[in-house]
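Each step along the sequence shown adds one to the number in full-length UniProt numbering, with nothing skipped, and position 104 is 104.
Structure first, then comments.
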Amino acid sequence: MSQSPTDHTDDAPPTTWKKGDPIAAEGLPTTTGDSIVGRTVTINRPAAELFAYFRDFTNLPRFMENVVSITPIDATRSHWVVKAPAGRTVEWDAVVTDETPDRVIAWTSEPSADVANSGRVEFRDAGARGTVVTATIVYDPPAGIVGKIVAKMFQREPAIQARRDLRRFKQLMETGEIATGSFTRKQHDEEFA
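See the structure below:
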């Protein structure tokens with residue numbers, strides 16, 4: 001008996017599947033890459049509040065370490081500038097492809113992107129625990145596997161960043177700030193002035 005790309009007998013997230021097509025199962029465009037990353041975090045805040053904050057893309061650089069800027073173009077399109085290895089930046093325009101208020105937002109890069117990508121962020125109610133936020137990203141690393149290895153060395157690889165960014169999003173939404181392990185230049189100057 002043949003299994004469709006989305007038929008699974010377990011409840012494992014598609015990003016962990018060894019068989020089948022996790023990209024199709026997540027409902028993401030297959031034209032944006034062949035590497036998939038999925039991360040989940042539970043945040044002690046209502047889904048509506050988290051969705052509203054995330055949907056204002058200009059907020060994302062506050063907790064996404066490698067995002068330099070996001071500039072809205074119109075209601076569904078935005079221009080992204082993101083840090084890349086070796087001090088470079090990459091840019092693309094993204095378009096929202098699916099949006100259900102307080103539940104899900106999905107996007108894909110437009111064809112001229114430096115890094116083809118698409119993604120989906122879901123917000124599911126977790127009762128008294130808050131909201132389960134799941135981010136799934138599909139991307140095509142520049143220079144293929146070599147680019148992926150170089151990106152990992154410089155810790156600019158999406159799998160590494162997704163985990164860190166979601167942790168920072170949780171901190172920001174639950175405490176109003178992002179914990180750091182060291183002084184920023186401003187903090188250092190204030191402390192030792």
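We treat Cβ as the ideally placed atom computed from N, Cα and C, and that holds for glycine.
Three-state secondary structure (DSSP) of residue i
i: residue 102; result: coil
i: residue 122; result: strand
i: residue 46; result: coil
i: residue 52; result: helix
i: residue 180; result: coil
i: residue 17; result: Note that residue 17 scores 47 on pLDDT, short of 50, meaning its location in the model is unreliable and no value can be drawn from it.
i: residue 162; result: helix
i: residue 1; result: Caution is warranted here: a pLDDT of 42 is assigned to residue 1, below 50, making its placement in the model unreliable, and no coordinate value can be reported.
i: residue 189; result: helix
Counterpart residues of residue i in DSSP-defined beta bridges
i: residue 111; result: DSSP, once it has assigned bridges, lists no residue as partnering residue 111.
i: residue 174; result: Paired residue(s): none; residue 174 is not in a bridge.
i: residue 77; result: 95
i: residue 71; result: 79
i: residue 131; result: 43 and 125
i: residue 58; result: DSSP lists no partner for residue 58.
Residue of the options minimising C-alpha distance to residue i
i: residue 170; options: 53, 37 and 89; result: 53
i: residue 175; options: 43, 37 and 38; result: 43
i: residue 122; options: 69, 99 and 129; result: 99
i: residue 102; options: 133, 83 and 108; result: 133
i: residue 64; options: 82, 78 and 76; result: 82
i: residue 61; options: 172, 104, 37 and 77; result: 172
i: residue 67; options: 55, 80, 75 and 45; result: 80
i: residue 104; options: 86, 126 and 55; result: 55
i: residue 76; options: 59, 86, 88 and 108; result: 108
i: residue 39; options: 45, 69, 164 and 128; result: 164
i: residue 120; options: 128, 106, 129 and 126; result: 106
i: residue 84; options: 180, 181 and 161; result: 161
i: residue 45; options: 180, 129 and 178; result: 129
Integer-rounded CB distance, given that residue j should sit under 8 Å from residue i
i: residue 47; j: residue 136; result: Contact flag wrong, Cβ pair sits at about 17 Å.
i: residue 96; j: residue 118; result: Wrong, their Cβ atoms sit about 11 Å apart, outside the cutoff.
i: residue 37; j: residue 167; result: About 14 Å separates the two Cβ atoms, so there is no contact after all.
i: residue 57; j: residue 78; result: 5 Å
* Asked: At a cut of 8 Å, does the segment 111-125 reach the segment 84-92 through at least three beta carbon pairs?
  -> The segment 111-125 is in contact with the segment 84-92.
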